[in-house]
Amino acid sequence: MSSHAQSAHAAPTGFISKYIFSTDHKVIGIQYFLLALTAVVVGIVLSLLMRFHLVWPNAHLPFVSGGMMTQEQYLALVTMHGTIMVFFVLTTAPQGGFGNYFLPIQIGAPDMAFPRLNMLSFWVTFLAFVAIIAAFVVPGGAPISGWTGYTPLSGIGEVTGPGEGWGQTLWIISISLFCLASLLGALNFIATLIDMRAPGMTLMRMPLTCWGWFVTAILGLLAFGVLLAGGILLLLDRSAGTSFFLPYGLVINDQLQNHSGGSPLLWQHLFWFFGHPEVYIAILPGMGVASHILSTFARKPVYGYRAMAMAICAIGFLGFMVWGHHMFVSGMSPYSGFAFSVLTMSIGVPSAIKTFNWLGTLWGAKIQFKTPMLFALGFVSLFVSGGLSGLFLAQPAVDNLLHATYYVVAHFHLVMGVAAIFGIFAATYFWYPKMFGRMMSEPLGKIHFWLTFVGTYCIFMPMHFVGIAGGIRRYADASAVAYLQKLQPLHEFMTIAAFITAAAQLIFIFNFFWSLKFGAKASKNPWDATSLEWITDSPPPLDNFGGNFPSVYRGPYEFSVPGAKEDFIPQNLPPAQVARTR
Amino acid sequence: MAGTTYTEVVEVIDAGRGGGGTPSDGGGGGGQGSGPSASGAVPQRTYVTGMLVGLGGVLMFFMALVSAYIVRKGMPNATWVPLDIPRMLWLNTLILVASSFTLVRSRSLFHADNEEGFRYWWGWTTVLGVFFLVGQVIAWRQLVAAGIYLQSNPSSSFFYVFTAAHGLHLVGGVLALLSVAFRPTHRLTRGTATEVVSIYWHFMDGLWVFLFLLLLLGR
């Protein structure tokens, strides 16, 4: 077809332009995904080291200099686990990975609006990852100030501990680069979604996945610039002698620090103004994916599509007004605390809309329990379990007691960490056939699901009780504290569960790479789904549709339409062509 | 059934791409997809959209710095010494505001197909931009000569941060002006290129006026 020949960009020929410095959103999506896969392996290993140390603090470790892990090394693990997981896994895979790959296809576009900017986003993200990994090997090692990089600890230098020299500097550089890359990525997503939709693809006909990516991109656009500003000021405090965040009269290790009247709390405000939207950046794509998959395997339309789309927008909007609930213990005015508390709890409303509409979608359905569906159901389960404890923590009086305990760790791991990971798994099993042209193994997928699902609950449910009993987070060695010793059996249970769950991920990795070569060939539409990615080849051609760009005639979830012969109607099927019963 | 989203109305959609569909589901909230043209090329307005969206991110970056400024200045025991901003800044501000006017003039001549006039005023805009940047460096040198450095006082720290961050953005603007003047455009038409660059330039001008007033009145 002639229009194919003049498509937006000619097919690259060399290996490097095709797979390394590619401007094709599909290749870039896979690059993001593989980066996240690498990062998650690092992140899991770090968490296993932490779990191991919590239970056997005096164990001899051959790879640690001196043989035993120091408290500072434990804090470095805490910091790097959080940073790598939040930025390079939970932000990178759902948005950079799947968003990049499927947003253009689902709206019927040949590529992102700005393909070269897209490539730049990925490679800057990659540089950021290199910088954070380099923090492990520089003198002093990795930073110890947590993924939140709280000042003044993060603002001074080696004097505050090993890793606070070069390691912390690299951390700031890495995060700043990540901010830049995410800003460019967000800009691209938004412009693509606004201007590149196919004819007939109104906003209210977009799959909910696109709504998730769209609102996530808006959050990224508005939040990452703020963290970037904070990062620059922090870097100046460290290297240029300014005092934005460093207070007067600070004495560390008997040394008076030469700073004048800065505000450590200012950093917390800037950080959490980014940090709270960031948790929605991690979870909103998962919500979109879960809605999409629940509908497909329930063979029913999403219940209350419009409400679902609006709930995503509402969560995104409210997400900018609740950052203070991370700072209830910072000594803020009770009036501020009250306002932040009420706003935080009001997020329960759109969250409940989503949850009940997911249940409404499932109600009375003949559910097909394929692996992507299991992970989508797992997403809903984890989101509810983790979200409920959020209502407790949203109250300053309760938070004051629980803030420094494992209760908070359990809360955010369930609702943000594992739920988002389940969204990523669901997306991987669902879209793998489209991305690689082969099916993943269903039996292995189901084993992976059940081990992971039960495993994560075994890790994080007991953690709530440890928290309520006063188990303090970030302590390297709780066995040294008398009243915490009784909690050690629970810690042992969680550690064993963590090792089993981590081992179960090897099944996923095996399935992923084994299926690349030996999986059954995938058809164009193996799940009988309706959105536009399923009308094209698996994997899609360079311009996604081989020159035949679709027009859209209907909403994204027309399953089991009364009177139609098939139980699904693709979005590009004109009304006249719908096969009818009779 | 409540809550479902079947399309019940048979629709007629204009088969031509790029002209926009005629969706009839009352989707509301945001217009119609009109998508890329048949060749898969990016529509020209996308570049304008991209610039406007990008400036949203830039605005948040500067607003974060501004709110930090306000908070830091309001700290008890802040040891804040109000900074007398160099007088040079008045002249710089005047130059930058003038550059917006020359840019408007240039664009209107462009639309009138007056290539020579367009290039003349476009060139003046670039020159004024460079003058502004040189002026900012002179202002820095005056402060340094007076012994006021980045770390001297929070007020001077913020002064250098604001001017440097804005200056870097303006360097990008000057490069964009030069690029449109001297290099052929590829994906976007010359008209789009001038529009995108002028949106950016006017934004940076307005942002500077805001920062200048903040440094002047909010010191």
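Top line first, the protein sequences correspond to chains A and G.
Using this note's numbering, the first residue of the first sequence is number -2, and each one after it goes up by one.
Using this note's numbering, the first residue of the second sequence is number 62, and each one after it goes up by one.
Note that CB positions come from ideal geometry on N, CA and C, so glycine has one too.
Computed from a prediction, not measured in an experiment: that's the story for all the values here.
When 8 Å is used as the limit between beta carbons, Leu236 (chain G) is near no residue of chain A, the shortest such separation being about 16 Å. Using a Cβ-Cβ cut-off of 7 Å, Ile129 (chain A) is close to nothing in chain G; its nearest Cβ partner there is about 22 Å away. An exposed status is given to Leu236 (chain G), since fewer than 16 other beta-carbon atoms sit within 10 Å of its beta-carbon. Taking 9 Å as the cut-off, the Cβ atoms of Ile456 (chain A) and Ala494 (chain A) count as close.
Per DSSP, reduced to three states, the secondary structure at Arg471 (chain A) is coil, with no helix or strand assignment. With respect to chain G, the C-beta atom of Asn97 (chain A) has no partner C-beta closer than 9 Å. Only Phe111 from the segment 111 to 122 of chain A bring a Cβ to less than 7 Å from some Cβ of chain G. Neighbours of Met136 (chain G) in chain A, taken as residues whose beta carbon is under 7 Å from its own, are Gly258, Ser260 in chain order. Looking at the DSSP output, Ala561 (chain A) shares a beta bridge with A:Arg577. If you compare the alpha carbons of A:Ala56, A:Ala132, A:Pro140, A:Phe186 with that of Met116 (chain A), the shortest gap goes to A:Phe186. Residues of the segment 268 to 293 of chain A with a C-beta atom less than 8 Å from some C-beta of chain G are Phe270, listed in chain order. If you draw a straight line from the Cα of Ser333 (chain A) to the Cα of Thr140 (chain G), it is about 26 Å long. The straight-line gap separating the alpha-carbon atoms of Val75 (chain A) and Glu439 (chain A) is approximately 35 Å.
Listed in chain order, the positions of the segment 155 to 180 of chain A with a beta carbon within less than 8 Å of a beta carbon of chain G are Leu180.
The DSSP-derived three-state label of Gln28 (chain A) is helix. Under a 10 Å Cβ-count criterion, Gln365 (chain A) is classified as exposed, with fewer than 16 other Cβ atoms of the shown protein chains found around its own Cβ.
In terms of beta-carbon proximity, Leu120 (chain G) lines the interface with chain A, with at least one pair separated by less than 9 Å. Met82 (chain A) and Ala36 (chain A) have their C-alpha atoms spaced approximately 7 Å apart. The beta carbon of Asp192 (chain A) sits closer than 9 Å to some beta carbon of chain G.
Within chain G, Leu211, Gln212 have C-beta atoms less than 8 Å from the C-beta of Gly238 (chain A), given in sequence order. Inter-residue distance for Asp540 (chain A) and Thr358 (chain A) is about 33 Å (C-alpha atoms, whole angstroms).
At the C-beta level, Val258 (chain G) and Leu231 (chain G) stay beyond 9 Å of one another. Those residues of the segment 227 to 254 of chain A placed with their C-beta closer than 8 Å to a C-beta in chain G are Gly227, Ile229, Leu230, Leu233, Ala237, Gly238, Thr239, Ser240, Phe241, Tyr245, ordered along the chain.
In chain order, Leu184 make up the part of chain A whose C-beta sits under 7 Å from the C-beta of Gly115 (chain G).
Between Met305 (chain A) and Leu205 (chain A), the gap from beta carbon to beta carbon is short of 9 Å. For Thr255 (chain G), same chain residues with a beta-carbon under 7 Å away, outside a window of 5 residues either side, are Arg168, Phe171, Val241 in chain order.
Every alpha helix (DSSP H) stretch that sits fully inside the segment 431 to 473 of chain A and reaches 4 residues is listed by chain position as 439 to 465. The Cβ-Cβ distance between Pro369 (chain A) and Ala423 (chain A) falls below 9 Å. Ser218 (chain G) has a beta carbon lying within less than 9 Å of a beta carbon in chain A.
Membership of Thr341 (chain A) in the alpha helix (DSSP H) is indicated by the continuous run 331 to 343.
Taking 9 Å as the CB threshold, Ala206 (chain G) stays off the interface with chain A.
Judged by their CB atoms, Thr163 (chain G) and Trp151 (chain G) are not nearer to each other than the 9 Å cut-off. Residues of chain A whose Cβ lies closer than 7 Å to the Cβ of Pro143 (chain G) do not exist; the shortest such Cβ separation is about 15 Å. In chain order, Ala226, Leu230 make up the part of chain A whose C-beta sits under 8 Å from the C-beta of Leu126 (chain G).
Here Gln70 (chain A) carries a helix assignment [DSSP, helix/strand/coil].
Comparing alpha-carbon positions, the option among A:Ile129, A:Pro567, A:Ser236 lying closest to Ile532 (chain A) turns out to be A:Pro567.
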